Each structure stands twice: as C-alpha cells, then as structure tokens.
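The sequence shown stops at residue 256 when you use the numbering used here, and every number in between is there.
These notes concern the structure reproduced below.
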Amino acid sequence: MKKVLLLLANGFEAVEASVFTDVMGWNKLEGDGTTDLVTVGLRDKIKCTWNFTVIPEMHISDVNIDEFDALAIPGGYEEAGFYEEAFSRDFLNLIREFDKAGKIIASICVAALPIGKSGVLTNRNATTYNLGDGKRQKQLSELGANVLANKPIVIDKNIITSYNPSTAFEVAFKLLEMLTSKENCNKVKKLMGF
C-alpha cells in the first residue's frame with residue numbers, strides 16, 4: 063500500500079486538498095487499490111480559507127515518515143492564516159524530512175512557498191501562484207527557487223509544484239501516476255470522467 067500524507071495548515075483551500083483525497087480514494091476503490099491517504103495537521107480542528115472545518119486523522123508530532131511514500135500539500139490564503147502554520151518549524155521540518163528521504167512532495171499553488179522556505183527548493187525549478195502582481199512567484203524566487211513562471215506544473219526530481227488552483231487535479235493525477243503507473247492513472251482519470 064502506498065500512503066500519502068496530506069499536510070494541512072489552517073487556512074488551506076478545501077478544493078486543493080479534496081483533489082488528493084478524491085484521486086487517491088478513487089484509486090483505492092476503482093484503480094489498482096494501492097493508495098491510502100492520511101490527513102495531518104498541527105491542531106485538532108483546521109479551518110480552511112472559506113471556514114470549512116476539518117478534523118485531521120493525525121497530529122504532525124505523531125508522524126513517522128517511514129510509514130509514508132509521499133507528501134501532499136494544498137495551498138491557502140494569507141488572510142485566513144495559512145502561512146502562520148505553513149511556515150512553522152514543525153511544518154517545515156516535515157517537508158525537509160520527506161525531501162531528505164527522496165519521497166515525493168506534491169504541492170498546489172502557494173503550497174510551494176513553505177517548500178521553498180524549508181530550503182529544499184534552493185537552486186531547483188519550481189512555480190507557485192502566477193496571477194495578480196507576481197508577488198508569490200517573486201517570493202518563491204527570493205527563497206532560492208528557480209521559478210518557471212509560465213509553466214503550470216513543474217517537476218524537479220521528487221517535487222511537484224503548480225501555479226494556481228486550476229492545476230489541482232493535474233497535480234493529484236501526476237502524484238498517482240508517480241506512485242502507481244501511467245496506465246493505472248489513465249484508468250482512474252477515465253473512470254472520473256477526465
């Protein structure tokens with residue numbers, strides 16, 4: 063069984079988290095049956111950007127990365143407090159541990175920023191939120207990443223980054239493909255209507 067740790071910070075975007083739960087869930091029931099997903103947070107209850115509340119299955123302090131094959135991180139809104147937890151020591155350390163072990167790290171939109179802040183994107187290709195004034199891509203660049211501004215999804219070794227919420231399903235499918243196979247991923251995509 064391939065286990066994905068879905069790391070949630072307060073203020074995350076629900077749609078960006080749900081693609082991981084749905085794609086891995088569809089694979090578990092309709093695909094090759096080899097994926098499982100565990101939600102993890104820094105608190106007992108986490109509010110997403112638009113006040114949807116989630117109760118994570120596990121606290122970050124109880125995580126043993128040896129039990130997981132991949133890390134998935136949805137982005138969120140600064141106004142909802144996303145960066146307070148996403149830039150916390152525990153959040154950043156977990157990212158470093160996954161990267162050090164060479165495990166897949168999949169992120170959507172501004173979730174690339176805590177990956178960058180952890181230091182693991184230094185001199186590596188990545189992207190993040192691309193609309194508006196370019197503030198987030200500049201911020202990622204200042205954290206040491208080589209930002210590919212016009213590329214929707216960037217994969218550099220074990221790390222997947224993307225440039226806005228519209229890429230969410232594509233990132234989740236890429237993660238599934240990397241964990242299983244292209245053939246299995248295409249089967250799940252077809253069953254989901256893609």
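Heads up, the beta-carbon is just placed ideally off N, CA and C, and yes, glycines get one too.
As the structure is a computational prediction, the values presented were derived from the model and not from experiment.
- Within the DSSP bridge table, the entry for GLY138 names PHE74 as partners.
- Excluding residues up to 5 positions away in sequence, ALA230, PHE231 and ALA234 lie with their Cβ nearer than 6 Å to the Cβ of VAL81 in the same chain.
- Here DSSP, grouped into helix, strand and coil, assigns ALA234 to helix.
- Between the region 64-71 and the region 114-130 there are three or more C-beta pairs closer than 8 Å, enough to call the two in contact.
- Around the beta carbon of ASN192, 16 or more other beta carbons sit within 10 angstroms, so the residue counts as buried.
- Counting other Cβ atoms within 10 Å of its Cβ, LEU205 reaches 16 or more and is therefore classed as buried.
- In the displayed model, ASP195 falls within coil according to three-state DSSP, outside both helix and strand.
- Contact check between the region 155-168 and the region 233-249: three or more CB pairs, one atom from each, fall below 8 Å, which counts as touching.
- For GLY103, the enclosing beta strand (DSSP E) covers residues 97-103.
- Here the region 217-225 makes contact with the region 186-200; the two share three or more CB pairs at distances below 8 Å.
- With a beta-carbon spacing of about 7 Å, VAL85 and VAL250 fall inside the 8 Å limit used to define contacts.
- Taken through DSSP and simplified to helix, strand or coil, LEU210 comes out as coil.
- For ILE177, there is no enclosing beta strand (DSSP E); the residue is found in the alpha helix (DSSP H) stretching over 174-179.
- With respect to the 8 Å criterion, GLU147 and ALA71 are classified as neighbours on the basis of their beta carbons.
- Counting only runs that start and end inside the region 116-166, the alpha helix (DSSP H) elements of at least 4 residues fall at 144-148 and 151-162.
- By the C-beta density criterion, PHE256 is exposed, having fewer than 16 other C-beta atoms within 10 angstroms.
- When the five nearest sequence neighbours on each side are left out, the beta carbons in the same chain lying within less than 7 Å of the beta carbon of PRO118 are those of LEU70, THR101, VAL102, GLY103 and ILE108, in order along the chain.
- One Cα belongs to PHE144, the other to GLY137, and the distance between them is close to 8 Å.
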